[in-house]
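**Student:** Residue numbers (the numbering used here): 44 to 644.
Positions of the beta carbon are idealized from the N, C-alpha and C atoms, including for glycine.
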Amino acid sequence: MDIIHLLPDSVANQIAAGEVIQRPASCLKELVENSLDAGATNIQVIVRDAGRTSLQVIDNGSGMSETDVRMAFERHATSKIASAQDLFALRTMGFRGEALASICAVAQVEVQTRRAEDEVGTLLTIAGSHIESQEPCQCPVGTNIKVKNLFFNVPVRRKFLKTDQTELRNLLNEFYHIVLVYPKVQFTFVSNDEILMELPIGTEKQRIEAVFGKGNKTYTSQFVDVRTDTEIISIHGFVGKPETANKNAQQYFFVNGRYMRHPYFHKAIMTAYAGMLPGELNPSYYIYFDVNPELIDVNIHPTKTEIKFQDEQMIFQILLAAVRESLGKFNITPSLDFNREGEIEMPVPQGKESHQTAGFTTPHVVFDPNYNPFSRNTKQNVKGWEQIYNPADNNSNIRQAVEHEDSVLFDYSLAEIIPYQYQGKYLILPSRLGLMIVNQHRAHAHVLYNQYIAQITTEKGVSQQLLFPEVLDLTPDEMVLLSTIAEDLRFVGFDLEQFSQNAYSISGIPATLENKNCLTALHNMLHFIRETGSNAKDEWRKQIALSLAQDTAIPYGKKLTDEEAQKLLQQLFELSNYRRTINGKTIVTILSDDEIQRRFT
Ligand code: ADP
Ligand code: MG
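#1: Rounded C-beta distance between residue 593 and residue 488? I'm assuming under 8 Å.
#2: Could you check what DSSP says for residue 285 in three-state terms: helix, strand or coil?
#3: For residue 615, which option in 224, 494, 325, 595 has the closest C-alpha, if you only look at C-alpha atoms?
#4: According to DSSP, simplified to helix, strand and coil, what is residue 402?
#5: Can at least three beta-carbon pairs, one atom from the region 525-539 and one from the region 495-514, be found at a separation below 8 Å?
#6: CA-CA distance, residue 560 and residue 514?
#7: For residue 618, I'd like the list of residues in its chain whose CB is within less than 8 Å of its CB, leaving aside the five on either flank, ordered along the chain.
#8: Considering only heavy atoms of ligand 2, does any lie closer than 6 Å to the CB of residue 73?
#9: Which residue or residues does DSSP assign as beta-bridge partners of residue 119?
#10: Assuming residue 223 contacts residue 329 under a Cβ cut-off of 8 Å, what Cβ separation, rounded to an integer in Å, is found between them?
#11: One question on the structure: do residue 103 and residue 185 come within less than 7 Å of each other, judged by their Cβ atoms?
#12: Applying the 10 Å Cβ sphere with the 16-neighbour rule, what's the burial state of residue 180?
#13: Within this structure, are the beta carbons of residue 67 and residue 210 separated by less than 7 Å?
#14: Please determine if the region 349-359 and the region 260-279 are in contact, where contact requires at least 3 C-beta pairs separated by less than 8 Å.
#15: From the DSSP output, in three-state form, read off residue 468 for me.
#16: On the DSSP bridge assignment, give the partners of residue 339 in chain order.
#17: Under 6 Å from any heavy atom of ligand 2, does the C-beta of residue 77 make it?
#18: Run the proximity test for residue 47: is its beta-carbon closer than 6 Å to any non-hydrogen atom belonging to ligand 1?
#19: Would residue 105 and residue 81 be called neighbours here (beta carbons separated by less than 7 Å)?
#20: Candidates 310, 581, 154, 65: which alpha carbon is nearest residue 107's?
#21: Which class does residue 149 belong to by DSSP, given the choice of helix, strand or coil?
#22: Looking only at its chain, what residues have a beta carbon closer than 7 Å to the beta carbon of residue 171, apart from the 5 residues adjacent to it on each side?
#23: In terms of residue numbering, what span does the alpha helix (DSSP H) encompassing residue 113 cover?
#24: Going by Cα to Cα distance, which pick from 365, 334, 260, 369 is closest to residue 352?
#25: To the nearest angstrom, report how far apart residue 308 and residue 522 are at their CA atoms.
#26: So for residue 182, helix, strand or coil by DSSP?
#27: Does DSSP put residue 170 in a helix, in a strand, or in coil?
#28: Which residue wins for smallest C-alpha separation from residue 169, given the options 525, 470, 114?
#29: Measure the Cβ-Cβ separation of residue 190 and residue 146 and say whether it is below 7 Å.
#30: Taking Cβ to Cβ, would you say residue 188 is nearer than 7 Å to residue 100?
#31: So residue 70 and residue 98 are in contact, right, with Cβ under 8 Å, and what is the actual spacing, rounded?
#32: Run the proximity test for residue 81: is its beta-carbon closer than 6 Å to any non-hydrogen atom belonging to ligand 2?
#33: Is residue 142 a contact residue of ligand 2, with contact defined as CB to any heavy atom under 6 Å?
#34: Just the Cα atoms here: how many angstroms apart are residue 419 and residue 472?
#35: State the Cα-Cα distance for the pair residue 229 and residue 598, rounded to the nearest angstrom.
#36: Residues in its own chain within less than 7 Å of residue 255 by CB, not counting five upstream and five downstream?
What follows is the structure, encoded as structure tokens:
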């Protein structure tokens with residue numbers, strides 16, 4: 044029996060139109076979803092040149108009849124819905140009947156397909172929407188679609204494709220979205236004849252392990268289970284223990300077997316973690332929602348990753364409570380890491396009592412009673428200073444002057460000033476404009492950032508050899524990303540080589556990394572680059588320098604010797620823009636003499 048029919052125009056128009064195929068990854072999504080809708084239990088994805096030359100999906104699903112396979116490539120041809128009403132009871136991934144029509148309009152397509160009840164299969168070739176041939180063929184039950192030379196007839200589109208590395212990363216991300224929610228289907232991903240992923244049938248947990256834990260059981264031991272069943276929704280999944288939060292968090296929501304983005308529900312999860320996470324680190328989570336399809340509308344976005352729910356506030360509360368309960372049940376207490384920017388705010392003691400109760404000891408200060416940091420009669424060689432500093436001027440003038448006359452900040456040479464280190468976090472020193480407070484970690488990170496950028500642009504890096512090379516294990520998309528940036532990493536001092544299909548060996552590191560964990564630093568960096576979506580060389584170079592600078596800068600709480608503090612300040616003030624980090628955060632602030640005076644009235 045043939046099962047495909049055309050949707051009436053009225054229905055077709057109710058379905059949000061949109062660009063279905065933007066890149067190889069959208070093609071992968073549509074084809075694999077079709078295979079799933081056809082009940083396949085084994086799906087292979089085979090790409091060449093990141094899908095640019097060809098993208099093939101082979102499944103063992105229902106197959107199509109000789110007539111259906113031709114119909115399948117017509118616009119609005121679908122076997123999945125017949126009326127608009129059906130939209131509200133969707134259990135299949137596809138429904139618009141647009142994907143194959145869109146694909147065959149912009150590529151050369153070959154399909155072999157056979158149903159179990161047919162003796163022979165059929166082989167159809169189409170290019171630019173024209174059927175070129177159809178003939179019987181011998182083939183296994185299921186469907187084998189090969190999409191060649193995507194956008195061959197739309198040169199502009201083809202030109203807009205990114206590098207193979209970027210497109211391959213997009214393909215893998217799309218692949219993850221699907222395989223994580225279909226653990227009962229076996230998947231294989233092959234790129235240029237190399238098997239990048241082979242995922243056996245298993246549980247959701249095993250699937251997550253196979254994809255992100257490189258098959259290692261310890262990966263999912265970092266998670267706790269979440270489960271709640273209510274009348275409106277069932278939620279289950281896994282959330283990372285707070286201490287395993289990192290910059291490289293994997294965060295996934297799925298609803299009724301479909302990946303979705305949902306910033307609002309994301310907020311619910313983050314709220315559950317409130318107070319447990321160190322600063323900028325994120326928990327990983329994999330959350331699966333099951334909901335009556337009538338309560339969601341998947342038809343609001345052409346790529347269908349944003350999904351609207353009825354009663355989102357209620358679901359927010361349910362999700363928040365479920366995650367909180369799981370985190371509480373496992374008696375998870377926060378663990379903090381002091382090493383990275385912004386992770387924690389150092390507590391500021393309030394009065395004498397809290398000094399003692401908090402166990403602070405008052406620092407012992409040595410001072411020279413004859414030393415007057417504010418005297419202005421030494422080193423009057425500073426050009427133009429008198430015009431800038433005019434006590435009658437208002438503050439904003441002074442501030443402007445500072446921006447433009449950075450070189451005239453100090454009465455003394457910096458080598459003569461001994462900064463006072465406050466709370467292991469700030470360096471305090473006198474300047475011509477008032478009491479200067481320097482954030483030591485940001486200052487150092489900024490100095491290092493500029494140093495790394497210089498190394499990358501001059502293509503000169505110094506590397507410190509490791510006694511024992513380290514092995515950096517990566518997921519396939521990380522492998523692709525790393526190979527893109529490997530050269531730039533060498534400029535900042537990493538000595539690295541591909542070691543196996545999913546690992547690099549690190550035999551040298553930037554001297555500034557010293558005994559810090561170079562694997563963590565590299566993971567952080569990959570995550571940083573991925574987060575910012577840096578595709579252009581300039582952008583990812585910035586991210587490399589920035590991430591490494593954050594990881595190698597002196598941490599908060601570190602006591603500096605006078606020499607170290609002075610050296611840091613000297614390096615900082617040599618930079619033309621030392622007042623703010625490249626992300627616009629304040630490095631240096633000045634409490635003006637006026638402001639100080641005003642407090643003594
Ligand atoms: P939709 O998935 O929205 O129905 P498509 O253009 O993706 O639209 O596919 C059109 C039709 O072709 C589907 O409804 C289905 O009947 C058939 N089809 C597509 N791919 C497969 C496949 N791998 N196995 C069996 N049937 C398929
Ligand atoms: Mg489809």
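**Tutor:** Taking the geometry as given:
#1: Taking the first residue of the sequence shown as position 1, residue 593 is located at position 550. Taking the first residue of the sequence shown as position 1, residue 488 is located at position 445. The pair is a contact, with the Cβ atoms about 5 Å apart (cut-off 8 Å).
#2: For the purposes of this step, residue 285 is taken as residue 242 along the sequence shown, with counting starting at 1. Correct three-state label for residue 285: helix.
#3: In the sequence shown, residue 615 corresponds to position 572, counting from 1. For residue 615, the nearest C-alpha among the options comes from 494.
#4: Your numbering for residue 402 matches position 359 in the sequence shown. Residue placement at residue 402 cannot be trusted, given a pLDDT of 36 that sits under 50; what the coordinates show is reported in the next sentence. Three-state DSSP puts residue 402 in coil, outside helix and strand.
#5: yes
#6: Position 517 of the sequence shown, counted from the first residue, corresponds to residue 560. Position 471 of the sequence shown, counted from the first residue, corresponds to residue 514. Each residue's Cα considered, the two are about 12 Å apart.
#7: Residue mapping note: residue 618 aligns to position 575 of the sequence shown, counting from 1. So the qualifying residues of the chain are 489, 490, 493.
#8: As a position in the sequence shown, residue 73 is number 30, starting the count at 1. Flag set: Cβ of residue 73 near ligand 2.
#9: For the purposes of this step, residue 119 is identified with residue 76 of the sequence shown, where counting begins at 1. DSSP lists no partner for residue 119.
#10: Taking the first residue of the sequence shown as position 1, residue 223 is located at position 180. Taking the first residue of the sequence shown as position 1, residue 329 is located at position 286. Yes, residue 223 and residue 329 are in contact; Cβ-Cβ is about 7 Å, under 8 Å.
#11: Sequence index remark: in the sequence shown, residue 103 carries index 60 (1-based). Sequence index remark: in the sequence shown, residue 185 carries index 142 (1-based). Yes, Cβ-Cβ distance for residue 103 and residue 185 is below 7 Å.
#12: Sequence index remark: in the sequence shown, residue 180 carries index 137 (1-based). Classification of residue 180: exposed, given that the 10 Å Cβ count is below 16.
#13: Here residue 67 is taken as the residue at index 24 of the sequence shown, counted from 1. Here residue 210 is taken as the residue at index 167 of the sequence shown, counted from 1. Yes, these two residues count as a Cβ contact at 7 Å.
#14: yes
#15: If you number the sequence shown from 1, residue 468 lands on position 425. Correct three-state label for residue 468: coil.
#16: If you number the sequence shown from 1, residue 339 lands on position 296. Answer is 352.
#17: Locating residue 77 in the sequence shown gives position 34, where the first residue counts as 1. Residue 77 Cβ: within cutoff of ligand 2.
#18: Translated into the one-based positions of the sequence shown, residue 47 becomes position 4. Answer for residue 47: yes, Cβ within range of ligand 1.
#19: Position 62 of the sequence shown, counted from the start, is the residue given in the question as residue 105. Position 38 of the sequence shown, counted from the start, is the residue given in the question as residue 81. Yes.
#20: Translated into the one-based positions of the sequence shown, residue 107 becomes position 64. Considering only alpha carbons, the answer is 154.
#21: Within the sequence shown, numbered from 1, the residue matching residue 149 stands at position 106. Note: residue 149 maps to coil in three-state DSSP.
#22: On the sequence shown, residue 171 is found 128 positions in, with the first residue counted as 1. Within the same chain, residue 171 has close Cβ partners 148, 196.
#23: What you label residue 113 is simply residue 70 of the sequence shown in a count that begins at 1. From DSSP, the alpha helix (DSSP H) with residue 113 extends over 109-114.
#24: Stepping through the sequence shown from its first residue, residue 352 is reached at position 309. The option with the nearest alpha carbon to residue 352 is 334.
#25: As a working note, residue 308 is residue 265 in the sequence shown. As a working note, residue 522 is residue 479 in the sequence shown. Using only the alpha carbons, I get a separation of about 30 Å.
#26: Within the sequence shown, residue 182 is the residue found at index 139, counting from 1. Correct three-state label for residue 182: coil.
#27: By one-based count along the sequence shown, residue 170 stands at place 127. Strand, per DSSP.
#28: Residue 169 sits at position 126 when you count from the first residue of the sequence shown. Minimum Cα distance to residue 169 is reached at 114.
#29: Translated into positions along the sequence shown, residue 190 becomes position 147. Translated into positions along the sequence shown, residue 146 becomes position 103. The answer is yes: Cβ separation under 7 Å.
#30: Taking the first residue of the sequence shown as 1, we reach residue 188 at position 145. Taking the first residue of the sequence shown as 1, we reach residue 100 at position 57. Cβ atoms of residue 188 and residue 100: closer than 7 Å.
#31: Here residue 70 refers to the residue found at position 27 of the sequence shown. Here residue 98 refers to the residue found at position 55 of the sequence shown. Right, their Cβ atoms sit about 6 Å apart.
#32: As a first step, residue 81 is located in the sequence shown; it is residue number 38 there, counting from the start. Outside the cutoff, so no.
#33: Looking up residue 142 in the sequence shown gives position 99. Yes, Cβ of residue 142 sits closer than 6 Å to a heavy atom of ligand 2.
#34: Counting from one through the sequence shown, the residue named residue 419 turns up at place 376. Counting from one through the sequence shown, the residue named residue 472 turns up at place 429. At residue 419 the pLDDT is 39, less than 50, meaning the model places this residue with poor confidence and gives no usable figure here.
#35: For the purposes of this step, residue 229 is taken as residue 186 along the sequence shown, with counting starting at 1. For the purposes of this step, residue 598 is taken as residue 555 along the sequence shown, with counting starting at 1. Those two C-alpha atoms are separated by around 46 Å.
#36: The residue you call residue 255 lines up with position 212 of the sequence shown. So the list reads 262, 293, 518, once near-sequence residues are dropped.
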